[in-house]
Amino acid sequence: MTKLILDLDTGIDDTLALLYALASPDAELIGIAGTFGNVSVETGVANDLALLELFGRPDIPVFAGIDHPSWADSFSVMPESRRFHGRNGTGDVEIPARARAQAQTQSAVDFIVDAVRAMSPEDLIVIPTGASTNIAAALEAAPDTVGRARIVMMGGSLTQPGNVTPFAEANIMQDPEASSKLFAAGAQITMIGLDVTTQVKLSHEQAEAYRATGTATGTFLSDMLAYYIDVTEEAHPTGVPGCNLHDPLAVAAALDPSLIDTFSCDIMVETEGAGRGRTIGDPARVTCPSGRTQVALAVDAQRFVERFMERTLAFVRRCP
Ligand code: BDR
Ligand code: CA
C-alpha cells in the first residue's frame, strides 16, 4: 500500500485524480494539500472537502496551502483556467454533497514537511497537480526533506508544445519560479507532463458510463466530464476526441511506474521572456546528471484508461 499526498488545484482532472486515488486498493491517501491554479486555494479546498464527503471519505484531512505564486502578492484565475474548469472548478456543475469537515489549521507546507520527515521514501509519494508553490516551499523550508521526498508531478512538457503558451504547460506557468526551485533542489522527481498526458483520453461515450451507474455521483461526474470534453475538443482540436486525463495519470504512474517509460534528464524552467514557463533540459547539468529527475515520454495509454475506468466505475457504484 503506497501512502499518497495529493497537492491539488481542484479542478476537473484534479477531481478525477482524487477519485482514482480513493478507488485504488494499492493507495492510501493520507491528506490533501490545497494549491491554486484552476481555482483559488479557497475554492479548491472547498471542493476537496465536498468531494471527500461525496466519496465517503470525510476523514481524510485537507490542508490549505500558499494562496499566491512566489512571484506575486496575490492570485487571480487565468481566463484559460476558468474556460477549462468553469467558475467553480467542476465545470459549473455543483458537487452533490455538502462538506461537514473543515480544513485543518496546520498549513499544507508544514503538513508535507512533517509527513516526508516521518515516513520512509519507500512508503510516501507527494503528487503535485497544480502550481509547484507548496512543494517548492516545503523543500526550501526543510532542506533535510530534499533527499527523502519522492515526487510524481503533473506539469511541464519536454517534447510537446505548451498548453497555455507555445512553450509553457499550465501548472508550471502558475509559478515558474517555484517550479524552477523544485527542479533545482535535487529531490527525486518524476515529471508527468503533456508528453504523456495528451496521449490519455476519455471520450463522451466513456464519460457517460458514470451516469449509467444510476448514482448522483455518477451523474455529477458525467456532467462535469461532458463540459471538460466539449471545451477540450473546441480549444485543442487534435482530431482525437475526448479530454486529457492529465492529473489522474500522475496518480496512476506513481502507483504503477510500469505504465510509463521515462528518460533521465535534469530539468530547468525558463523564467524570462517568451519562453517563461518552459521546461527544458538543464545545460549546466548535462555533463554531470543527477539521475534524480525522470521525464515520462511514453505511456501505455490503453492499459491506463482501462484501469481508470474499471477502478473508478466500481468505486462510483458504491457512492450515493
Ligand atoms: C494541468 O493544468 C490544469 O489545468 C490541470 O488540472 C492539469 O493539472 C494540465 O496542464
Ligand atoms: Ca490540476
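Residues in the sequence shown are numbered from 6 upward in steps of one, following this note's numbering. Ideal Cβ positions, reconstructed from N, Cα and C, are used throughout, including at glycine. From a predicted model like this one, the values you see are computed outputs, not experimental measurements.
Flag this pair as yes or no: are the beta carbons of residue i and residue j separated by less than 7 Å?
i, j, result
"residue 198", "residue 161", "yes"
"residue 182", "residue 276", "yes"
"residue 60", "residue 109", "no"
"residue 53", "residue 20", "no"
"residue 56", "residue 65", "no"
"residue 38", "residue 139", "yes"
"residue 35", "residue 233", "no"
"residue 120", "residue 260", "no"
"residue 195", "residue 249", "no"
Checking the sheet assignment: what are the DSSP bridge partners for residue i?
i, result
"residue 33", "8"
"residue 286", "272"
"residue 114", "Paired residue(s): none; residue 114 is not in a bridge."
"residue 155", "193"
"residue 249", "206"
"residue 163", "Residue 163 pairs with nothing; no bridge assigned."
"residue 13", "39"
"residue 243", "Paired residue(s): none; residue 243 is not in a bridge."
Is any heavy atom in ligand 1 found nearer than 6 Å to the beta carbon of residue i?
i, result
"residue 85", "no"
"residue 73", "no"
"residue 251", "yes"
"residue 174", "yes"
"residue 64", "no"
"residue 159", "yes"
"residue 93", "no"
"residue 18", "yes"
"residue 139", "no"
Sorry if obvious, but does the Cβ on residue i come closer than 6 Å to a heavy atom of ligand 2?
i, result
"residue 14", "yes"
"residue 40", "no"
"residue 180", "no"
"residue 134", "yes"
"residue 53", "no"
At the level of alpha carbons, what is the spacing between residue i and residue j?
i, j, result
"residue 107", "residue 156", "26 Å"
"residue 251", "residue 293", "31 Å"
"residue 124", "residue 151", "13 Å"
"residue 48", "residue 78", "18 Å"
"residue 295", "residue 10", "25 Å"
"residue 74", "residue 268", "29 Å"
"residue 305", "residue 298", "20 Å"
"residue 103", "residue 62", "13 Å"
"residue 217", "residue 223", "7 Å"
"residue 281", "residue 114", "25 Å"
"residue 136", "residue 178", "8 Å"
"residue 274", "residue 283", "6 Å"
"residue 12", "residue 219", "30 Å"
"residue 153", "residue 191", "10 Å"
"residue 149", "residue 122", "8 Å"
Where does residue i sit, in a helix, a strand or coil, going by DSSP?
i, result
"residue 88", "helix"
"residue 303", "strand"
"residue 133", "strand"
"residue 39", "strand"
"residue 80", "coil"
"residue 264", "helix"
"residue 23", "helix"
"residue 258", "helix"
"residue 69", "strand"
"residue 298", "strand"
"residue 125", "coil"
"residue 171", "coil"
"residue 53", "helix"
"residue 280", "helix"
Is residue i near ligand 3, in the sense that its beta carbon is under 6 Å from a heavy atom of that ligand?
i, result
"residue 61", "You won't find ligand 3 in this model; what it holds is ligand 1 and ligand 2."
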